[in-house]
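Visitor:
Number of protein chains: 2
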Amino acid sequence: MNNKNEKVFPVEGIRLSSIYSGMYKKKRLDLSIMEIDIKSNVAAVFTKNKAKSPTIIFSKKNLKQKNPKYIIVNSGNANAGTGVAGYNDLIKYSNEICKRTSSCIEDILVFSTGVIGERIKVKNIINSIPTLLKNFHKNSWYEFSNAILTTDKVNKICSKSIKIKDKNITITGVVKGSGMIMPNMATMLSFVATDLKISKKILSSLLREITDVSYNMITVDGETSTNDASVLIATGKSNINYNSLENKLKTLIKERLKEIYQTLAKKIVEDGEGATKFITVNVKNANSIKNAKNIAMSIANSPLVKTALFAEDPNWGRILSAIGNSKTSDKNLPNLEIKLGKMLVFKNNKLYSKYKEYMTKEYLKNKSIEINVSYNTGVYNATVWTSDLTYEYIKINANYRS
Amino acid sequence: MNNKNEKVFPVEGIRLSSIYSGMYKKKRLDLSIMEIDIKSNVAAVFTKNKAKSPTIIFSKKNLKQKNPKYIIVNSGNANAGTGVAGYNDLIKYSNEICKRTSSCIEDILVFSTGVIGERIKVKNIINSIPTLLKNFHKNSWYEFSNAILTTDKVNKICSKSIKIKDKNITITGVVKGSGMIMPNMATMLSFVATDLKISKKILSSLLREITDVSYNMITVDGETSTNDASVLIATGKSNINYNSLENKLKTLIKERLKEIYQTLAKKIVEDGEGATKFITVNVKNANSIKNAKNIAMSIANSPLVKTALFAEDPNWGRILSAIGNSKTSDKNLPNLEIKLGKMLVFKNNKLYSKYKEYMTKEYLKNKSIEINVSYNTGVYNATVWTSDLTYEYIKINANYRS
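Protein chains in written order, with the numbering used here: chain S, 776 to 1177; chain D, 776 to 1177.
Structure (structure tokens):
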């Protein structure tokens, strides 16, 4: 959890404003506007769910045309499954921003998260916009990270200041999400900004590359939602141009960016609905990156593996069965090895002779658990992060709307 | 649940024998042998899990060579993840049957179901075989249906007598399974026998065709196990030859066989681990049978849909989102319709104007619920049966080994 004491570096060129607009019965922040300096470049990846929210259709279209000046985002209602009416609703409140800031509709991105299928409270948003536009502050990341939450128990921020050529550059990001978490975007919204200068094209390819090893490698329940998006903004205010840096520094920045995205991704898993365990699944030596990912995901999405880990039961047969179920091109299993943490469990197609169940039982009492699989058919690796499956998950999802 | 009062027709040519061999701490039937008349033809389909149990490897190989004379099946231990040692174990007790019945090893099929990764108690099985072989009875289907159960709460039998040309033919079958249920064979074993005469080739194609509309259309938790098999036996004792019947009668028999398999399949779902609801997902008018199945399975496997139905919450947005997540070739959703039971919920890309939530809330109080989706892009339909996701599922699977 990020508390107010944790250092969050503001990003020059980004100002934020959040408010309670009345989306929830309980009074809490639920609506934010982010103001983005006009010289910024912005990239985004969007949900692959075919039942896309109008917000995704609108934002995708606008981002293709130009860089946004404002991002408006609400929690409490996803404005999904709402069709033309939902699209018209978001146009109405976007126009309110246009009117008051002399912007055009293409200058705005809209994101929503919350219950699917209900009309959004347009009036509440329109009534809140004047106050929001008056209260921008570069230090309001904490409030912003809270305003976007839904079933999350904690807010999620990651912020770094990095020395590049005797200057400091800043990367700060927030994310929301705890259920409906699955690769190809989950029920999550992510906003990360840096004061680096990066061309739109390179920013976009950087975001895709990093998403594949962060948000696309976490799963809570195998669900992908209608509203997900991950936005990366480069304001250029630091006057350091990424494109013209030497390769060594480019690699350094890419690594830092990856760390930030992986930190945010892991925070989602840690806050996974009802989670009591943080599970890392490492698959090594598969014959393709795709197979490595599929095997890791098959383990990470198995309700039987997840309930066994919740029970702290080293029922490794379920891991073996999940590997056997994975979508790979192999017809049979190769000579695979399964480890719980560092303890070898399965090798040469049978239980390892020196395996001691009481030791793995002890190991599974930890909050953080590693499942290590070596597939021994190639050189490709993948890591997936997930949580266990608990009574609490059922409770949260059986009560979401009530 | 099948109780002793329900009529179970014996199948001439099939005799059964069951015993407590000590696989469980609790005294219960856990080991059976089925004796099959030598003139019978036998077909089977097996799990697609790549981590196959040695029992599956052994039985598949034998069935290719000839028709079995004996099937031995135990619950309490899956003999999976046991490699060469597990294979040798099953050879040992199969040899015991050979020795005592003058059969060869290829005359035997072996099936096991239960915990994965533990060595099977060979001695217990060997010690039980003499008694089993002395106690065959054609009326012992009820005991057989009990001996194969694991986490199942009820036994599952379906038996019919059908009039064909003034004679009666009989079809009787049993199945086990309640979790790890997913298409392409689940944690289930199924044995169905008929006294019809059917060639091995036609029996095999019949079984495949019927499996695709029965066991391959149910899902409890999206898991597929290491040990599943479905065996269909035609003893020929009725002297009615299926192959030489007129087409009308062939169709009639096929329909009856389909009904029996669908009844057994639905019994698995009704007994789904922790299930409180029986859910039928009908997808109509998709542009291919594969798309229709994928859409229905995406809804049926969604933990969010399943927890909402457990809570009797008409959260139809989750159904929409699950449809959006389905693996189909469509890039966007066509003009789809979603109904809960007979009540139209979603149409023209939005909530149906006359939708009344209090009515669907009332409807969801039923034990049996229908989700009806019309995709409106073609003429292909699919039906999938599933259960809800409940606290009890977690409890059962967190405590399975303890």
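Positions of the beta carbon are idealized from the N, C-alpha and C atoms, including for glycine.
Owing to the predicted nature of the structure, the values given are computational and were not obtained by experimental measurement.
Between S/Leu-1164 and the rest of its own chain, which residues show a CB-CB distance below 7 Å, the 5 nearest in sequence each way excluded?
Guide: Only Pro-1078, Lys-1081, Thr-1082 and Phe-1085 meet the Cβ criterion.
Visitor: Just the C-alpha distance for D/Leu-870 and S/Leu-1119, rounded to the nearest angstrom, thanks.
Guide: First, the residue type needs correcting, since residue 870 of chain D is Asn and not Leu in the sequence shown. Taking the straight line from one Cα to the other gives about 34 Å.
Visitor: Could you compute how far the alpha carbon of D/Val-786 sits from the alpha carbon of D/Ala-968?
Guide: C-alpha separation (whole angstroms): 7 Å.
Visitor: What are the start and end residues of the alpha helix (DSSP H) that includes S/Gly-1092?
Guide: That run of the alpha helix (DSSP H) goes 1091-1100.
Visitor: Are the C-beta of S/Ile-985 and some C-beta of chain D separated by less than 7 Å?
Guide: No, S/Ile-985 lies away from the interface with chain D (no Cβ there is under 7 Å from its Cβ).
Visitor: Three-state secondary structure (DSSP) at D/Phe-919?
Guide: In the structure shown, D/Phe-919 sits in a helix (DSSP, three-state: H, G or I).
Visitor: Whether or not the segment 870-886 of chain D and the segment 838-854 of chain D are in contact is what I'm after, with contact meaning three or more pairs of Cβ atoms, one per stretch, closer than 8 Å; do they touch?
Guide: Touching, yes.
Visitor: I'd like to confirm the pairing. Which residues does DSSP put opposite S/Arg-790 in its beta bridges?
Guide: Bridge partners of S/Arg-790: S/Glu-810.
Visitor: How about S/Ile-977 and S/Val-817: do their beta carbons lie closer than 7 Å?
Guide: Contact flag unset, no.
Visitor: Check whether the segment 1034-1044 of chain D touches the segment 1122-1131 of chain D, taking contact to mean three or more Cβ pairs, one atom from each stretch, closer than 8 Å.
Guide: Contact between the segment 1034-1044 of chain D and the segment 1122-1131 of chain D is absent, because fewer than three Cβ pairs lie under 8 Å.
Visitor: Applying the criterion that 16 or more other CB atoms from any shown protein chain within 10 Å of the CB defines a buried residue, is D/Met-957 buried or exposed?
Guide: Residue placement at D/Met-957 is poorly supported in this model, since its pLDDT is 46, which falls under 50; the coordinates still yield a value, given next. Buried: at least 16 other Cβ atoms inside 10 Å.
Visitor: If contact is defined by three or more beta carbon pairs under 8 Å, each pair taking one atom from either stretch, is the segment 1130-1145 of chain S in contact with the segment 1039-1057 of chain S?
Guide: Taking 8 Å as the limit for Cβ pairs, the verdict is that the segment 1130-1145 of chain S does touch the segment 1039-1057 of chain S.
Visitor: Confirm, please, whether the CB-CB distance from D/Gly-861 to D/Asn-854 is below 7 Å.
Guide: Yes, they are a contact pair.
Visitor: Buried or exposed, going by whether 16 or more other CB atoms sit within 10 Å of the CB of D/Ser-1162?
Guide: With 16 or more other Cβ atoms within 10 Å, it is buried.
Visitor: Are S/Leu-926 and S/Ile-1169 close, meaning C-beta to C-beta below 7 Å?
Guide: According to the sequence shown, residue 926 of chain S is Thr rather than Leu. The answer is no: Cβ separation not under 7 Å.
Visitor: Would you grab the beta carbon distance between S/Ser-834 and S/Ala-1097 for me? Rounded to a whole angstrom, and I think it's under 8 Å.
Guide: Actually they do not touch by this definition, with Cβ atoms about 36 Å apart.
Visitor: CB-CB under 8 Å to S/Ala-1040, same chain, minus the five flanking residues each way: which ones, in chain order?
Guide: Excluding sequence neighbours, S/Ala-1040 sits near Val-950, Ser-989, Tyr-990, Met-992, Ile-993 and Trp-1160.
Visitor: Whole angstroms is fine: what's the gap from S/Lys-802's alpha carbon to S/Ile-932's?
Guide: Each residue's alpha carbon lies about 22 Å from the other.
Visitor: Span of the beta strand (DSSP E) holding D/Thr-1145?
Guide: The sequence given here has Glu at residue 1145 of chain D, not Thr. Element bounds for D/Glu-1145: 1143-1149.
Visitor: On the CB-based measure, 16 or more other CB atoms within 10 Å of its CB, does D/Leu-1111 come out buried or exposed?
Guide: Per the 10 Å Cβ criterion, buried.
Visitor: Does the beta-carbon of D/Val-859 have 16 or more other beta-carbons within 10 angstroms, so that it is buried, or is it exposed?
Guide: It is exposed - the Cβ of D/Val-859 has fewer than 16 other Cβ atoms within 10 Å.
Visitor: Just how far apart, CA to CA, sit S/Phe-821 and D/Val-890?
Guide: Using only the alpha carbons, I get a separation of about 42 Å.
Visitor: Excluding the 5 residues preceding and the 5 following S/Asn-1069 in the sequence, name in chain order all residues of the same chain whose CB lies nearer than 7 Å to its CB.
Guide: For S/Asn-1069, where only same-chain residues beyond five positions count, the Cβ hits under 7 Å are Ser-1101, Lys-1102 and Thr-1103.
Visitor: Using beta carbons (cut-off 7 Å, strictly below), is S/Leu-1095 in contact with chain D?
Guide: It does: the Cβ of S/Leu-1095 has a partner Cβ on chain D nearer than 7 Å.
Visitor: Please go through the same chain and pick out, in chain order, the residues whose beta-carbon is closer than 8 Å to the beta-carbon of D/Ser-796, but skip the five residues on each side of it.
Guide: Asp-805, Leu-806, Asn-849, Lys-896, Asn-899, Ile-900, Asn-902 and Ser-903, listed in sequence order.
Visitor: Quick check: S/Asn-1151 and S/Asn-1016, are their CB atoms within less than 7 Å of each other?
Guide: In this structure, S/Asn-1016 does not lie closer than 7 Å to S/Asn-1151 by Cβ.
Visitor: Using beta carbons (cut-off 7 Å, strictly below), is D/Leu-1108 in contact with chain S?
Guide: Taking Cβ atoms only, chain S reaches closer than 7 Å to D/Leu-1108, which makes this a yes.
Visitor: Could you list which residues in chain S have their beta carbon closer than 7 Å to that of D/Asp-1105, in chain order?
Guide: Those within 7 Å of D/Asp-1105 in chain S are Lys-825.
Visitor: Indicate whether at least one CB of chain S lies closer than 7 Å to the CB of D/Ala-1157.
Guide: With 7 Å as the cut-off, D/Ala-1157 does not count as an interface residue toward chain S.
Visitor: Which runs of the beta strand (DSSP E) fall wholly inside the segment 828-854 of chain S and span at least 3 residues, in chain order?
Guide: Taking only runs of at least 3 residues, the beta strand (DSSP E) segments lying wholly in the segment 828-854 of chain S are 845-852.
Visitor: For the segment 956-994 of chain S, list the beta strand (DSSP E) runs that are entirely contained and at least 3 residues long, ordered along the chain.
Guide: If we require 3 residues or more, the beta strand (DSSP E) runs fully inside the segment 956-994 of chain S come out as 964-969.
Visitor: Closer than 8 Å by beta-carbon distance: list the chain D residues that pair up with S/Tyr-1166, in chain order.
Guide: Within 8 Å Cβ-Cβ: Tyr-1166, Ile-1169 and Lys-1170.
Visitor: Count the other CB atoms, across all protein chains shown, that sit within 10 Å of the CB of S/Lys-841; report buried if there are 16 or more and exposed otherwise.
Guide: Exposed.
Visitor: In chain order, which alpha helix (DSSP H) runs of at least 4 residues are fully inside the segment 877-914 of chain S?
Guide: List check, alpha helix (DSSP H) in window: 897-909.
Visitor: Here's the rule I'm using: 16 or more other beta-carbon atoms within 10 Å means buried, otherwise exposed. How should D/Ile-872 be labelled?
Guide: D/Ile-872 should be labelled buried.
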